[in-house]
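Residue numbers (the numbering used here): 196 to 606.
We treat Cβ as the ideally placed atom computed from N, Cα and C, and that holds for glycine.
What follows is a set of notes on a single structure, which appears directly below.
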């Protein structure tokens, strides 16, 4: 059995420390399930078992898959995580049944399935009596119009200690499991689907609002052509009266999404609406919808375009203490810049052009403008950029030291 899984084929990967990883860091996996897992863990250590079944050869590999699962059962005693991914056109019942035989020991399942396998999901979940983490990504949309998917009974037989749940049907409408709110140990939930007439699906809104009181991480992605009106109310539950950090779209803290978290990162809410681009007016729209918690916002991450939009408004966050502007002030190509040989005159000319491109005579003018976001102008600290925005060596020395690693909002 051991030799069967050592053959050089893109079928099997074993990852390190995953049972522990799911406990400690599973909340982070929801944004970047596959790549984050691959980068975070490596090696051939007991704990995580993954199956990658490339189409169209999966039928020819059923014997190999069974052998690999046999080895997993023997060598690791339990199969911690099963992941079925790839452009799978169809998986026959035999393969699913073979996986289910090992799923008695599963603590996590990560499935990328075609639409025609939906009827088999309930049986697989039913067999996973130790399940803590369930990630499902539905693929295989080839018939229009697309019907609404019914997941109302998906978790009917799931164990009560389910901790992480992810259901992704990009751009499609689906109903949530009826008993989602009954899982009191949930720490993170990800939902990705389609808006209904440009609005939250009603069952999503109700479920997210209810989950907010106890779930640490909520990651919601809603496809919609209308990104000018973003509803945040369901995501603001559970944040209490604690200090909050906010990251607007197009920042390093929240690429393609809005994020709000408690200052210590214990509760995180993410929302990606539409295609994730920060269209004109979106920043102001989000800021206005944060009115119920505006007094709790102590730190803001925002991009340079968002700054221009929001400074035209009255101060929105009266207790703001930190603003990090995610922007690149400097040459477009830092590789060609040699600070060691740059003269003072050349440097002054370069910076003047950079600030002129931003619409300001000097960095001080920019800082004063940014401070208009806050109601406590004398107390706010402005960092012109974060360390992820570019090559810090290319920034002027007197300003580069102002960049700080402001905590949050990240899960």
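Taking 9 Å as the cut-off, the Cβ atoms of residue 389 and residue 418 count as close. Between residue 352 and residue 362, the alpha-carbon positions lie close to 16 Å from each other. Looking at the DSSP output, residue 494 shares a beta bridge with 440 and 517. Across the set 492, 321 and 481, the C-alpha of 321 shows the shortest separation from the C-alpha of residue 349. For residue 327, the secondary structure class from DSSP, reduced to helix, strand or coil, is coil. Under the three-state reduction of DSSP output, residue 479 falls in the helix class. With contact defined as three or more Cβ pairs closer than 8 Å, the segment 427-435 and the segment 369-381 are not in contact. Cβ-Cβ distances below 6 Å link residue 478 to 443, 501, 504 and 505 in the same chain, with the five nearest sequence neighbours on each side left out; the list follows chain order.
Rounded to whole angstroms, residue 485 and residue 541 show a C-alpha spacing of 44 Å. Residue 441 places its beta carbon 9 Å or farther from that of residue 463. Around the CB of residue 372, 16 or more other CB atoms lie within 10 Å, so the residue is classed as buried.
Within the DSSP secondary-structure output, residue 468 pairs in a beta bridge with 417. The C-beta separation of residue 367 from residue 344 comes to about 7 Å, placing the pair in contact by the 8 Å criterion. By the Cβ neighbour-count rule, residue 346 is buried, with 16 or more other Cβ atoms within 10 Å of its own. With 16 or more other CB atoms across the displayed protein chains lying within 10 angstroms of its CB, residue 561 is buried.
With 16 or more other CB atoms across the displayed protein chains lying within 10 angstroms of its CB, residue 494 is buried. Assignment of residue 563 by DSSP, reduced to helix, strand and coil, places it in the helix class. In this chain, residue 389 is not harboured by any alpha helix (DSSP H); it is covered by the beta strand (DSSP E) spanning 383-389. Residue range 359-363 is occupied by the beta strand (DSSP E) that includes residue 361.
By a beta-carbon distance limit of 8 Å, residue 492 does not contact residue 466. Their separation comes to about 16 Å. Distance between residue 569 and residue 480, taken at the CA atoms: about 17 Å. It is roughly 12 Å from the alpha-carbon of residue 409 to the alpha-carbon of residue 402.
In this structure, residue 490 lies away from residue 510, with their beta-carbon atoms at least 9 Å apart.
By the neighbour-count criterion, in which a residue is buried when 16 or more other Cβ atoms sit within 10 angstroms of its Cβ, residue 498 is buried.
Linking residue 316 to residue 427 through their CA atoms gives a straight-line distance of about 32 Å. Judged by beta-carbon spacing, residue 459 lies beyond the 9 Å limit of residue 451, meaning their Cβ atoms are not closer than that value.
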